[in-house]
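Participant:
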Amino acid sequence: MVAARDRNRTLLERLPESDGELGITLKRLRGGLTQTDVARAGGVSKSTVSRWETGQGEITLVAAERLDNFFETTPRLQYAVLNLRRGQDEALQLQAGESILKFPRRFIGQVWIAVRPNPDFINLEHTVEFFWGPHTFSDSRPLEVGGTAFVTGKFKPDQVGLYVRTDPPVYEITHGTDGPPSGFFQLDIRHAWLG
């Protein structure tokens, strides 16, 4: 089971750049399973899975979440879907406390992600999770009124989206490439990433 999970996560290390690529990845994730098996897990019809695998249909976030649980890839498939839909004019149903951030493609150097708590949740415990390509970071801590700026580095000239999830939802999520804004507690997370 662990080997299958690791293989599945490896398949999603590089984010698909189109629905066609995502469909190919889904077919590889399926492996020896049938489209019917995947349809049951995703709560959709077999023909929908067939359309996804040929790049003719868009995987919904709800189905991606179910399939992430089924393939033990949480939240990588959801992240791939969010990354594909980012920038489209249609409404993207991000949950409260979720955001996708992008840094300049060619930039390499220090970057930061800042979260500021909602007024009702100041100094209360928050779980903050980042998913960036194959890498993950998770931390639970009280967020002060000024917020926390998580400082890390970008080491590749690409534009992989950074998926951020917070619980409870925060008031503001910002990011940048210069030094973090003043007033934020700064936390260096360069050596805290997994994956």
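Going by full-length UniProt numbering, the first residue of the sequence shown is number 1, and it counts up by one from there.
A virtual CB, placed ideally from N, CA and C, is assigned to each residue, including glycine.
Small disclaimer: the values here were computed from a predicted structure and weren't measured.
Mapping the DSSP letters down to three states, classify Val81 as helix, strand or coil.
Facilitator: If DSSP states are grouped into helix, strand and coil, Val81 belongs with the helices.
Participant: Where does residue 206 land, buried or exposed, given buried means 16+ other C-beta within 10 angstroms?
Facilitator: Residue 206 lies beyond the stretch modelled for the chain, which goes from 1 to 195, so this question has no answer here.
Participant: Report the CB separation of Phe185 from Lys154 in whole angstroms; it is logged as a contact under 8 Å.
Facilitator: With 8 Å as the limit, Phe185 and Lys154 do not qualify as a contact, their Cβ atoms being about 21 Å apart.
Participant: If I'm right that Arg105 touches Asp178 with Cβ under 8 Å, what's the distance once you round it to whole angstroms?
Facilitator: Rounded, the Cβ-Cβ distance is 17 Å, inconsistent with contact.
Participant: Report the residue ranges of all alpha helix (DSSP H) runs contained in full by the region 26–53; include only those spanning at least 4 residues, in chain order.
Facilitator: The region 26–53 contains these whole alpha helix (DSSP H) runs: 35–42, 46–53.
Participant: Using 8 Å as the threshold, is the C-beta distance between Gln35 and Ser18 below it?
Facilitator: No, the pair does not count as a contact, with Cβ atoms beyond the cut-off.
Participant: At 3 residues or longer, and completely inside the region 126–185: list those beta strand (DSSP E) runs for me, N to C.
Facilitator: Runs found: 135–142, 148–154, 162–167, 172–176.
Participant: Sort Val170, Thr136, Trp193 by Cα distance to Arg74 and report the nearest one.
Facilitator: It is worth fixing the name first, because residue 74 is Thr in this sequence and not Arg. The shortest C-alpha separation from Thr74 is found at Thr136.
Participant: By the 10 Å Cβ neighbour count, where 16 or more other Cβ atoms means buried, how is Phe71 classified, buried or exposed?
Facilitator: By the neighbour-count rule (16 or more Cβ atoms within 10 Å), Phe71 is buried.
Participant: What is the rounded straight-line gap between the Cα of Val145 and the Cα of Leu61?
Facilitator: Taking the straight line from one Cα to the other gives about 32 Å.
Participant: Mark His191 as exposed unless 16 or more other C-beta atoms lie within 10 angstroms of its C-beta, in which case mark it buried.
Facilitator: With fewer than 16 other Cβ atoms within 10 Å, it is exposed.
Participant: So Arg116 is in the beta strand (DSSP E); what residue range does that whole segment cover?
Facilitator: Taken as a continuous stretch (DSSP letters only), the beta strand (DSSP E) holding Arg116 covers 109–116.
Participant: Using only alpha-carbon positions, find the residue among Glu172, Trp132, Leu187 that is nearest to Leu119.
Facilitator: The sequence as given places Pro at residue 119; Leu does not occur at that position. Taking only the C-alpha atoms, the option nearest Pro119 is Glu172.
Participant: Could you give the DSSP three-state label for Ile59: helix, strand or coil?
Facilitator: Reduced to three states, the DSSP call for Ile59 is coil.
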